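Okay, so here's the structure we're looking at.
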Amino acid sequence: MVAEYHEFFRGRVRARLRDHRLWCFGIGVGALGCTLAMFYLLPNQFQPLTDSDSSRANIEMVPGTTIEQTEEVADHVAAILSEQQEVRLVMERVSEGSATLFIMLKADRENTSIDFERRLNKEFQNIPDARVTFSSQGGGGGTGREISVMLAGSNPEMLQQTAQTLVEQMKGIKGVVAPRIAADLQRPELVIVPRLDLAAQLGVTTSALSQTIRIATMGEIDQNAAKFSLSDRQVPIRVILPKDSRRDISTIENLPVTTASGGSVPLKRVAEIRFGAGPTQIQRYNQSRRIFVGADLGEGVLKGPVMEQINKLPIMKNLPAGVSNNAVGDEKWQAELIYNFVIAVVSGILLVFGVLVLLYRRFVSPLVNMTSLLLAPLGGLLALALLGQPISISVYIGLLMLLGIVAKNS
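Each step along the sequence shown adds one to the number in numbering that gives the first Met the number 0, with nothing skipped, and position 42 is 41.
Put into structure tokens, the structure is as follows:
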């Protein structure tokens with residue numbers, strides 16, 4: 000009996016192994032497993048990298064830099080760009096403390112615009128007293144660079160310290176180029192602190208003091224300025240110190256301030272005047288101070304894997320109390336894209352399944368047809384893996400179209 004049972008069991012196993020339905024089911028399960036694995040392993044980013052015929056480089060100088068000094072650096076950067084074999088034309092737009100270079104690339108170049116920009120990123124880091132970066136194709140999400148991380152908090156000192164720690168840890172990630180805090184350069188300022196007790200003794204009001212300081216630095220505002228009347232309009236007469244005098248602290252110290260009695264006293268008698276430094280701008284997010292940390296990417300590096308490494312850094316996993324990290328730019332849009340894509344796919348599948356149930360008047364046959372959707376993405380994902388391309392918004396759009404075609408054909 001035992002021998003007969005074993006023979007019967009072996010016969011049934013051989014019959015099942017020869018059954019093509021079992022093999023098809025196994026292949027389908029394996030394909031589904033490969034599809035899920037590919038979705039997990041392939042890198043993600045919001046927009047695919049495109050080969051553009053133009054590029055833009057931004058130059059940020061130390062606050063207080065004159066337009067002549069900025070133009071000199073812009074000419075130097077333009078000379079470096081003009082030496083590249085991919086460049087056809089370079090145009091400059093220079094202002095005080097910053098400049099923008101518009102670059103037109105040759106149509107018959109060997110390298111893509113992405114490779115061109117990332118190759119020059121390291122060379123531009125060696126230019127003294129200037130920050131030269133290429134504008135990100137996706138906008139940069141706050142910094143204009145390929146990597147942007149936003150930190151927010153109510154304590155400016157803690158926020159600055161956290162951002163500096165993040166910069167130091169980002170330097171250890173392979174493929175991250177020149178991480179730094181955006182807009183962290185201190186601007187030279189003229190600090191004037193009134194001596195209120197002495198000003199009161201001399202009869203100097205705060206309005207007289209502020210008017211003298213305003214005229215000395217920015218000039219009188221148009222609403223308070225005297226007007227020169229013409230036949231058809233009035234021209235404001237703006238009183239302001241010459242530029243050279245505004246840079247001379249002794250001239251500012253001796254500016255006359257009107258007293259209540261009609262006389263005047265030097266500004267240095269009623270105020271302490273000194274040079275200082277302060278931030279060039281203050282940014283807020285939901286009423287909290289915010290700060291951006293930006294970086295560029297090296298050659299052949301994708302943004303998705305780098306952002307995953309940044310989010311796993313010790314400082315990002317253990318942010319100090321009162322400091323938060325919010326998705327910004329591409330990361331925010333990508334999260335919204337995936338969420339809405341899942342809703343669209345699930346809703347579409349349920350609607351199609353409902354229509355098929357009404358047509359077939361049963362549940363099993365429509366269910367068999369809809370299982371083909373599970374195998375549809377595998378071919379496209381394999382092509383992405385072979386070409387080294389990430390999953391981006393264009394892939395999701397193509398996948399949505401593919402699911403519709405497969406559902407119709409099945």
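A virtual CB, placed ideally from N, CA and C, is assigned to each residue, including glycine.
All values derive from a computational prediction rather than experimental measurement.
### Query
Hey, quick one: how far does the alpha helix (DSSP H) through asparagine 120 stretch, first residue to last?
In the sequence shown, residue 120 corresponds to position 121, counting from 1. Note, asparagine 120: alpha helix (DSSP H), 112–123.
### Task
Would you mind reading off the limits of the beta strand (DSSP E) that contains asparagine 57?
Taking the sequence shown and counting its residues from 1, one reaches residue 57 at position 58. That run of the beta strand (DSSP E) goes 53–60.
### Task
From the DSSP output, read off the bridge partner residues of glutamate 145.
Sequence index remark: in the sequence shown, residue 145 carries index 146 (1-based). Glutamate 145 is not bridged to any residue.
### Task
Put asparagine 325 into one of helix, strand or coil per three-state DSSP.
Indexing the sequence shown from 1 puts residue 325 at position 326. Strand at asparagine 325.
### Message
Using only the alpha-carbon positions, how far apart do alanine 36 and methionine 315 sit?
### Response
Taking the first residue of the sequence shown as position 1, residue 36 is located at position 37. Taking the first residue of the sequence shown as position 1, residue 315 is located at position 316. Taking the straight line from one Cα to the other gives about 27 angstroms.
### Query
Quick one: is leucine 380 buried, meaning 16 or more other Cβ sit within 10 Å of its Cβ, or exposed?
Taking the first residue of the sequence shown as position 1, residue 380 is located at position 381. Flag for leucine 380 reads buried.
### Task
Label threonine 34 either buried or exposed according to how many other C-beta atoms from any shown protein chain fall within 10 Å of its C-beta, with 16 as the threshold for buried.
Here the question's residue 34 lines up with position 35 in the sequence shown. The residue is buried, with at least 16 neighbouring Cβ atoms inside 10 Å.
### Message
Less than 7 angstroms between C-beta atoms, sequence neighbours within five positions excluded: which residues of the same chain meet that for arginine 87?
### Response
Along the sequence shown, one-based indexing puts residue 87 at 88. Closer than 7 angstroms at the Cβ level, and outside the excluded window around arginine 87, lie Met103, Leu104 and Lys105.
### Query
Can you tell me whether DSSP reads lysine 226 as helix, strand or coil?
Working through the sequence shown from its first residue, we reach residue 226 at position 227. Strand at lysine 226.
### Query
Between which two residues does the beta strand (DSSP E) containing leucine 100 stretch?
In the sequence shown, the residue the question calls residue 100 occupies position 101. Taken as a continuous stretch (DSSP letters only), the beta strand (DSSP E) holding leucine 100 covers 97–104.
### Message
Quick check on glutamine 160: does DSSP put it in helix, strand or coil?
### Response
As a working mapping, residue 160 is identified with position 161 in the sequence shown. It is helical.
### Query
Using a Cβ-Cβ cut-off of 7 angstroms (strictly less than) and excluding sequence neighbours within five positions of valine 176, which residues of its own chain qualify?
Here the question's residue 176 lines up with position 177 in the sequence shown. So the list reads Asn120, Lys121, Ala294, Asp295, Leu296 and Gly297, once near-sequence residues are dropped.
### Query
Which stretch, first to last residue, makes up the alpha helix (DSSP H) that contains alanine 382?
Working through the sequence shown from its first residue, we reach residue 382 at position 383. Taken as a continuous stretch (DSSP letters only), the alpha helix (DSSP H) holding alanine 382 covers 377–386.
### Message
Contact defined as beta carbons within less than 8 angstroms: I believe serine 54 pairs with glutamate 109. What is the distance between those atoms, to the nearest angstrom?
### Response
For the purposes of this step, residue 54 is taken as residue 55 along the sequence shown, with counting starting at 1. For the purposes of this step, residue 109 is taken as residue 110 along the sequence shown, with counting starting at 1. Between glutamate 109 and serine 54 the Cβ distance is about 16 angstroms, and since that is not below 8 angstroms, they are no contact.
### Query
Does the distance from the CB of isoleucine 58 to the CB of serine 97 come in under 8 angstroms?
Locating residue 58 in the sequence shown gives position 59, counting from the first residue. Locating residue 97 in the sequence shown gives position 98, counting from the first residue. Yes, the pair counts as a contact, with Cβ atoms nearer than the cut-off.
#### Entry: Proximal residues to threonine 250 (C-beta, below 6 angstroms), its chain only, five neighbours per side dropped
Taking the sequence shown and counting its residues from 1, one reaches residue 250 at position 251. The residues are Ser244.
### Task
Under 6 angstroms Cβ to Cβ from valine 394, same chain only, skipping five residues before and after it: list those, please.
Within the sequence shown, numbered from 1, the residue matching residue 394 stands at position 395. Answer for valine 394: no residue qualifies.
### Task
Might you give, ordered along the chain, the residues of its own chain that have their beta carbon closer than 8 angstroms to the beta carbon of aspartate 74, omitting 5 neighbours on each side?
Numbered from 1 along the sequence shown, position 75 holds the residue referred to as residue 74. Cβ neighbours of aspartate 74 beyond the five flanking positions: Glu91.
### Message
Quick check: valine 269 and leucine 318, are their CB atoms within less than 8 angstroms of each other?
### Response
One-based indexing of the sequence shown puts residue 269 at position 270. One-based indexing of the sequence shown puts residue 318 at position 319. Not in contact: valine 269 and leucine 318 (Cβ atoms no closer than 8 angstroms).
#### Entry: Opening and closing residue of the beta strand (DSSP E) in which serine 263 lies
Against the sequence shown, residue 263 aligns to sequence position 264. From DSSP, the beta strand (DSSP E) with serine 263 extends over 263–265.
### Query
For arginine 179, does the count of other Cβ atoms within 10 angstroms reach 16, so buried, or fall short, so exposed?
For the purposes of this step, residue 179 is taken as the residue at position 180 of the sequence shown. Buried, because 16 or more other Cβ atoms sit within 10 Å of the Cβ of arginine 179.
### Query
Using 8 angstroms as the Cβ pair cut-off and three pairs as the minimum, do the segment 259–278 and the segment 196–210 touch?
yes
### Message
Suppose contacts are defined by Cβ-Cβ distances below 8 angstroms. Is valine 405 in contact with leucine 372 by that definition?
### Response
Within the sequence shown, residue 405 is the residue found at index 406, counting from 1. Within the sequence shown, residue 372 is the residue found at index 373, counting from 1. In this structure, leucine 372 lies closer than 8 angstroms to valine 405 by Cβ.
### Message
Rounding to the nearest angstrom, what Cα-Cα distance links asparagine 418 and glycine 27 in this structure?
### Response
This structure gives no information on residue 418, because the portion of the chain shown stretches from 0 to 409.
### Message
Tell me which residues share the same chain as leucine 41 and place their Cβ nearer than 7 angstroms to its Cβ, disregarding the 5 neighbours each side in the sequence.
### Response
Numbered from its first residue, the sequence shown carries residue 41 at position 42. So the qualifying residues of the chain are Leu380, Leu383, Ala384, Pro389 and Ile390.
### Message
Quick check: leucine 80 and valine 89, are their CB atoms within less than 8 angstroms of each other?
### Response
Along the sequence shown, read from residue 1 onward, the residue named residue 80 stands at position 81. Along the sequence shown, read from residue 1 onward, the residue named residue 89 stands at position 90. Closer than 8 angstroms, so yes.
### Task
Given a cut-off of 8 angstroms, decide if valine 190 and arginine 273 are closer than it, judged by their beta-carbon atoms.
Position 274 of the sequence shown holds residue 273. Position 191 of the sequence shown holds residue 190. In contact: arginine 273 and valine 190 (Cβ atoms closer than 8 angstroms).
### Task
Closer than 7 angstroms by C-beta to aspartate 114: which residues in its own chain qualify, once you throw out the five before and the five after it? Chain order, please.
On the sequence shown, residue 114 is found 115 positions in, with the first residue counted as 1. For aspartate 114, where only same-chain residues beyond five positions count, the Cβ hits under 7 angstroms are Glu298.
#### Entry: Inter-residue spacing [alpha-carbon to alpha-carbon] between proline 127 and valine 76
On the sequence shown, position 128 is the one that residue 127 refers to. On the sequence shown, position 77 is the one that residue 76 refers to. The straight-line gap from Cα to Cα measures roughly 11 angstroms.
### Task
With a cut-off of 8 angstroms on the beta carbons, I'd call isoleucine 239 and isoleucine 212 a contact; round off their distance for me.
The count along the sequence shown starts at 1 and reaches residue 239 at position 240. The count along the sequence shown starts at 1 and reaches residue 212 at position 213. Between isoleucine 212 and isoleucine 239 the Cβ distance is about 12 angstroms, and since that is not below 8 angstroms, they are no contact.
### Nearest-angstrom Cβ-Cβ length linking glycine 275 and glutamine 44, presumed shorter than 8 angstroms
What you label residue 275 is simply residue 276 of the sequence shown in a count that begins at 1. What you label residue 44 is simply residue 45 of the sequence shown in a count that begins at 1. Not really, about 42 angstroms apart at Cβ, beyond 8 angstroms.
### Task
For threonine 132, count neighbouring Cβ atoms within 10 angstroms of its own Cβ and tell me buried if that reaches 16, exposed if not.
The count along the sequence shown starts at 1 and reaches residue 132 at position 133. Buried, because 16 or more other Cβ atoms sit within 10 Å of the Cβ of threonine 132.
### Task
Could you spell out the range, first to last residue, of the alpha helix (DSSP H) harbouring proline 304?
Stepping through the sequence shown from its first residue, residue 304 is reached at position 305. Proline 304 -> alpha helix (DSSP H) spans 302–310.
#### Entry: Residue from Gly397, Tyr359 and Val256 with nearest C-alpha to leucine 377
The residue you call residue 377 lines up with position 378 of the sequence shown. Of the listed residues, the one whose Cα sits closest to leucine 377 is Gly397.
### Query
Would you call leucine 266 buried or exposed, if buried means 16 or more other Cβ atoms sit within 10 Å of its Cβ?
Walking along the sequence shown from the start, residue 266 turns up at place 267. Buried.
### Query
Which residues does DSSP pair with glycine 152 in a beta bridge?
The count along the sequence shown starts at 1 and reaches residue 152 at position 153. Arg288 and Val322, per the DSSP bridge assignment.
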